[in-house]
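A.B. asks: Here it is, the structure in full.
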Amino acid sequence: MNDISQPSKFELPTIFVIFGVTGDLVKKKILKALYHLYRKKRLPQRFRIYGFSRRDYDDGKLRSYLREIMQTNSYKEPEYFDEFLQAFSYVKGDFNIKVAYDDLAKTLGRVDGEWSICSNKLFYLAVPPTSYSDIVTNLHESGLTKPCGPEEGWTRVILEKPFGTDLATALGLDRQLGDLFKEEQIYRVDHYLGKETVKNILVFRFSNSFLTPSWNKNYIEKIEVRLLEHLDVQSRGEFYDKVGALRDVGQNHMLQLLGLFIMDHPYKFIPEDIRNKRSEALASLHVMSESDVAKRTYRGQYKGYLQEKGVDPKSQTETYFRIEARSDLPDFDGVPLILESGKAQECEMIEVIVTFKETPLCLYDVEGEQKNTLHYHIRPDEKITMKFFAKKPGFSNETAEHELGFDYNKAYSKELFVDDYESLLFDIIRGDQTLFVSTQEIMSEWKFIEPIVKTWKEQNKPALFEYEKGKKIEIKS
Ligand code: BG6
């Protein structure tokens, strides 16, 4: 990873342009991340933020809009709000009309003139994917994305999932991006990779020698990735109905988690090697045939979903799925890799469970199976627990299950934690792509997901089942 004690490139003046500054992502994530970075002095010393949107705002109106978000969401240290908001200016424009980009280019040119330097430029596409194409084309045509040089005045573009709706659209988007930008300029955000617990996965796996010999098919019986959410689709019915659970969280967050659990050791702990190994892991997933899909996948919809606002009353969209995947990686060949996710679940639980095989020879009296499990909790719990067996005290040789554990929130004070978007934005500024999804990873994810979606849709196999909101779903495999 980059050496952040070397601030030279990082310190260059930087201009952020946020497309969709009045949208949901800025409101919920980006503004807070920028403010925290500002307060922690993790933004370049000289920076400006240009918010681009269609609304009839000016600088003053944008600042009061953002101020209100900061107040209603109780951001800390309100005495710094004004100072921070001074960095914001507004650019009104339609994403598909080039003239606004030409104006933006002139404005940014003036700022560079003021600073007497070619500043770094960071373009954040916080907009629905339908606008990506217009924005990147116009940015390119108005010359805004042209870096001044490799070391000075870089330009970077940031995009959010979903990257396409299937393999063909993902390829189309990628081709367009690839024509206009180099891969090192493109930052594809999967916010799961920025979570503290997720950033720890590789450290946990590769810094603890006791794990190394057992991290393979000889010892591991199965790996389960669970993303179970208590809430239903809430106000997102219209969006969700077109996407479904598998494309909403399976194609991205969950496959990324699985990749981190099964990938091989990177040659070095540097962005290229880590991304390559993650990518190899995703490419190793077996592409399922129709009969595999029918046998090894399940999909459900909660009762009441069809009455949600924006949902087609005859919708067949899944709000729950369970998939048993397989990988070709020599260490995991034949090991069931289970992905399970759902809305309106009994509990909120995002975790990866690694179940180890039973010891072939047990010395003591055991009732039932005796398998060790490693529970890697991502959210809301942020901890790692290991279930193991010990002898009960007394004359008998009975065993009992116990737990070893590490809890981030007990071990460290809350102030040390860095939010996902804060961490990702910091990495974008310093140019570290480790936590960003590469084009190869996106394609492998789609290659795995597409046949499943297709069989569900075209063959209606397996049939969609209905489940009660808040009740545990039991699937026997
Ligand atoms: C988003 C999905 O990408 O991830 C949501 O669109 C889901 O449906 C969310 O709820 C989960 O993310 P987090 O950070 O809340 O665990």
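Numbering (the working numbering), first residue to last: 32 to 508. Heads up, the beta-carbon is just placed ideally off N, CA and C, and yes, glycines get one too. Note that the structure is predicted; figures quoted are calculated from it, not measured.
Is R267 near the ligand BG6 - that is, is its Cβ less than 8 Å away from at least one heavy atom of it?
C.D. replies: Translated into positions along the sequence shown, residue 267 becomes position 236. Flag set: Cβ of R267 near the ligand BG6.
A.B. asks: In this structure, what does DSSP give as the bridge partners for E373?
C.D. replies: One-based indexing of the sequence shown puts residue 373 at position 342. Residue identity differs from the one stated: residue 373 is Gly in this sequence, not Glu. G373 is bridged to L259 and Y351.
A.B. asks: Just to confirm, are Y439 and F292 a CB contact at a threshold of 9 Å?
C.D. replies: As a working note, residue 439 is residue 408 in the sequence shown. As a working note, residue 292 is residue 261 in the sequence shown. Result no, Cβ atoms of Y439 and F292 do not sit closer than 9 Å.
A.B. asks: Measuring only the C-alpha atoms, how far is E371 from R330?
C.D. replies: Locating residue 371 in the sequence shown gives position 340, where the first residue counts as 1. Locating residue 330 in the sequence shown gives position 299, where the first residue counts as 1. Distance between the alpha carbons of E371 and R330: 10 Å.
A.B. asks: Does the Cβ-Cβ distance between I483 and I369 come in under 9 Å?
C.D. replies: Within the sequence shown, the letter at position 452 stands for residue 483. Within the sequence shown, the letter at position 338 stands for residue 369. For I483 and I369, no; Cβs fall outside 9 Å.
A.B. asks: Among residues of its own chain, excluding the 5 on either side of F112, which ones have a beta-carbon nearer than 7 Å to its beta-carbon?
C.D. replies: Start at 1 with the first residue of the sequence shown, and residue 112 comes out as number 81. Only R98 and M101 meet the Cβ criterion.
A.B. asks: What does DSSP give as the partner residues of K152 in its beta bridges?
C.D. replies: Translated into the one-based positions of the sequence shown, residue 152 becomes position 121. DSSP output for K152 lists I46 and T186 as bridge partner(s).
A.B. asks: When burial is assigned at 16 or more other CB atoms within 10 Å of the CB, is S427 buried or exposed?
C.D. replies: Here residue 427 refers to the residue found at position 396 of the sequence shown. So S427 counts as exposed.
A.B. asks: List the residues that DSSP assigns as beta-bridge partners of F431.
C.D. replies: As a position in the sequence shown, residue 431 is number 400, starting the count at 1. At residue 431 the sequence reads Ala, which differs from the Phe that was named. According to DSSP, which records beta bridges pairwise, A431 is partnered with A421.
A.B. asks: For Y250 versus K418, is the C-beta distance shorter than 9 Å?
C.D. replies: For this step, residue 250 is matched to residue 219 along the sequence shown. For this step, residue 418 is matched to residue 387 along the sequence shown. For Y250 and K418, no; Cβs fall outside 9 Å.
A.B. asks: Can we say the segment 440 to 451 touches the segment 161 to 180, given the rule of at least three CB pairs closer than 8 Å?
C.D. replies: At 8 Å Cβ cutoff, the stretches do not touch.
A.B. asks: The ligand BG6 and D451: does the residue's C-beta get closer than 8 Å to at least one heavy atom of that ligand?
C.D. replies: On the sequence shown, residue 451 is found 420 positions in, with the first residue counted as 1. For the ligand BG6, at least one heavy atom lies less than 8 Å from the Cβ of D451.
A.B. asks: Determine the burial state of Q37: buried for a count of at least 16 other Cβ atoms within 10 Å of its Cβ, exposed for fewer.
C.D. replies: Here residue 37 refers to the residue found at position 6 when the sequence shown is read from its first residue. Low confidence applies here, because Q37 scores a pLDDT of 43, under 50, leaving its location unreliable; read the following figure in that light. Burial call: exposed.
A.B. asks: Beta-carbon within less than 8 Å of P391's beta-carbon, same chain only, minus the 5 sequence neighbours each way: which residues are those?
C.D. replies: To locate residue 391, count along the sequence shown from 1; it is residue 360. Nothing meets the Cβ criterion.
A.B. asks: Identify, in the order they occur along the chain, each residue of the same chain with its Cβ nearer than 8 Å to the Cβ of D34, setting aside the five sequence neighbours on each side.
C.D. replies: The residue you call residue 34 lines up with position 3 of the sequence shown. With a pLDDT of only 43 at D34, under 50, the local geometry of the prediction cannot be trusted, and the value read off the model is given with reservation. Excluding residues within five positions, none has a Cβ falling inside 8 Å.
A.B. asks: Hey, would you say the C-beta of E108 is under 8 Å away from at least one heavy atom of the ligand BG6?
C.D. replies: As a position in the sequence shown, residue 108 is number 77, starting the count at 1. Flag unset: Cβ of E108 not near the ligand BG6.
A.B. asks: Looking at the structure shown, is H509 part of a helix, part of a strand, or coil, going by DSSP?
C.D. replies: No answer is possible for residue 509: it lies beyond the span of the chain, which begins at 32 and ends at 508.
A.B. asks: Does the distance between the C-beta of P258 and the nearest non-hydrogen atom of the ligand BG6 fall short of 8 Å?
C.D. replies: Your numbering for residue 258 matches position 227 in the sequence shown. It is Leu, not Pro, that sits at residue 258 in the sequence shown. Yes, Cβ of L258 sits closer than 8 Å to a heavy atom of the ligand BG6.
A.B. asks: Would Q282 and L495 qualify as a contact pair, given that the criterion is a beta-carbon distance under 9 Å?
C.D. replies: Counting from 1 along the sequence shown, the entry for residue 282 is found at position 251. Counting from 1 along the sequence shown, the entry for residue 495 is found at position 464. Cβ distance not < 9 Å, so Q282 and L495 don't count as in contact.
A.B. asks: Looking at G373 and Y223, is the spacing between their C-beta atoms short of 9 Å?
C.D. replies: Translated into the one-based positions of the sequence shown, residue 223 becomes position 192. Translated into the one-based positions of the sequence shown, residue 373 becomes position 342. Taking 9 Å as the Cβ cut-off, Y223 and G373 do not qualify as a contacting pair.
A.B. asks: Between the alpha carbons of G54 and C393, how many angstroms are there, rounded?
C.D. replies: What you label residue 54 is simply residue 23 of the sequence shown in a count that begins at 1. What you label residue 393 is simply residue 362 of the sequence shown in a count that begins at 1. Roughly 59 Å between the two C-alpha positions.
A.B. asks: Spatial neighbours of L242 within its chain, please: C-beta separation below 7 Å, excluding the five flanking residues on both sides.
C.D. replies: Within the sequence shown, residue 242 is the residue found at index 211, counting from 1. If we look at L242 and ignore the five residues flanking it on each side, its Cβ neighbours are R236.
A.B. asks: Can you tell me whether Y223 sits near the ligand BG6, meaning its C-beta is under 8 Å from at least one heavy atom of the ligand?
C.D. replies: As a first step, residue 223 must be located in the sequence shown, where it is residue number 192. Yes, since a heavy atom of the ligand BG6 falls inside the 8 Å radius drawn around the Cβ of Y223.
A.B. asks: Would you kindly report the start and end of the unbroken alpha helix (DSSP H) that includes R98?
C.D. replies: Translated into positions along the sequence shown, residue 98 becomes position 67. Note, R98: alpha helix (DSSP H), D90 to T103.
A.B. asks: Could you tell me whether the Cβ atoms of F115 and Y66 are closer together than 9 Å?
C.D. replies: By one-based count along the sequence shown, residue 115 stands at place 84. By one-based count along the sequence shown, residue 66 stands at place 35. Result yes, Cβ atoms of F115 and Y66 sit closer than 9 Å.
A.B. asks: Does the Cβ of H408 lie closer than 8 Å to at least one heavy atom of the ligand BG6?
C.D. replies: Stepping through the sequence shown from its first residue, residue 408 is reached at position 377. Checking every heavy atom of the ligand BG6 against the Cβ of H408, none is found closer than 8 Å.
A.B. asks: For L78, I'd like the list of residues in its chain whose CB is within less than 8 Å of its CB, leaving aside the five on either flank, ordered along the chain.
C.D. replies: Here residue 78 refers to the residue found at position 47 of the sequence shown. Position check: residue 78 holds Phe in this sequence, whereas Leu was assumed. Result list for F78: P44, T45, I46, F47 and A118, in chain order.
A.B. asks: V449 to D272, Cα distance in whole Å?
C.D. replies: Position 418 of the sequence shown, counted from the first residue, corresponds to residue 449. Position 241 of the sequence shown, counted from the first residue, corresponds to residue 272. Taking the straight line joining both Cα atoms gives about 32 Å.
A.B. asks: From G335 to Y351, what distance separates their C-alpha atoms?
C.D. replies: Against the sequence shown, residue 335 aligns to sequence position 304. Against the sequence shown, residue 351 aligns to sequence position 320. Spanning the two alpha carbons is a distance of roughly 14 Å.
A.B. asks: For the ligand BG6, any of its heavy atoms closer than 8 Å to the Cβ of D279?
C.D. replies: On the sequence shown, position 248 is the one that residue 279 refers to. Result yes, Cβ under 8 Å from the ligand BG6.
A.B. asks: Which residue from H433, S240 and R70 puts its Cα closest to that of Q401?
C.D. replies: If you number the sequence shown from 1, residue 401 lands on position 370. Nearest of H433, S240 and R70 to Q401, Cα basis: H433.
A.B. asks: Would the beta-carbon of G213 be found less than 8 Å away from any heavy atom of the ligand BG6?
C.D. replies: By 1-based counting over the sequence shown, the position of residue 213 is 182. Reading off the sequence shown, one finds Lys at residue 213, where the question assumed Gly. For the ligand BG6, not one heavy atom lies less than 8 Å from the Cβ of K213.
A.B. asks: Here's the rule: buried if 16 or more other CB atoms are within 10 angstroms of the residue's CB, otherwise exposed. What is Q287?
C.D. replies: Counting from 1 along the sequence shown, the entry for residue 287 is found at position 256. Burial call: buried.
A.B. asks: Only counting runs of 3 or more residues, tell me where the beta strand (DSSP E) segments fall wholly within the segment 47 to 86, in order along the chain.
C.D. replies: List check, beta strand (DSSP E) in window: 78 to 84.
A.B. asks: For V220, is the classification buried or exposed, using 16 other Cβ atoms within 10 angstroms of its Cβ as the cut-off for buried?
C.D. replies: To locate residue 220, count along the sequence shown from 1; it is residue 189. So V220 ends up on the buried side.
A.B. asks: What does the Cβ neighbour count give for S39, buried or exposed, with the cut at 16 atoms within 10 Å?
C.D. replies: Position 8 of the sequence shown, counted from the first residue, corresponds to residue 39. Confidence in S39 is poor, its pLDDT being 45 and thus under 50, which makes the residue's placement unreliable; the coordinate value appears in the next sentence. Counting Cβ neighbours within 10 Å, S39 comes out exposed, since fewer than 16 surround it.
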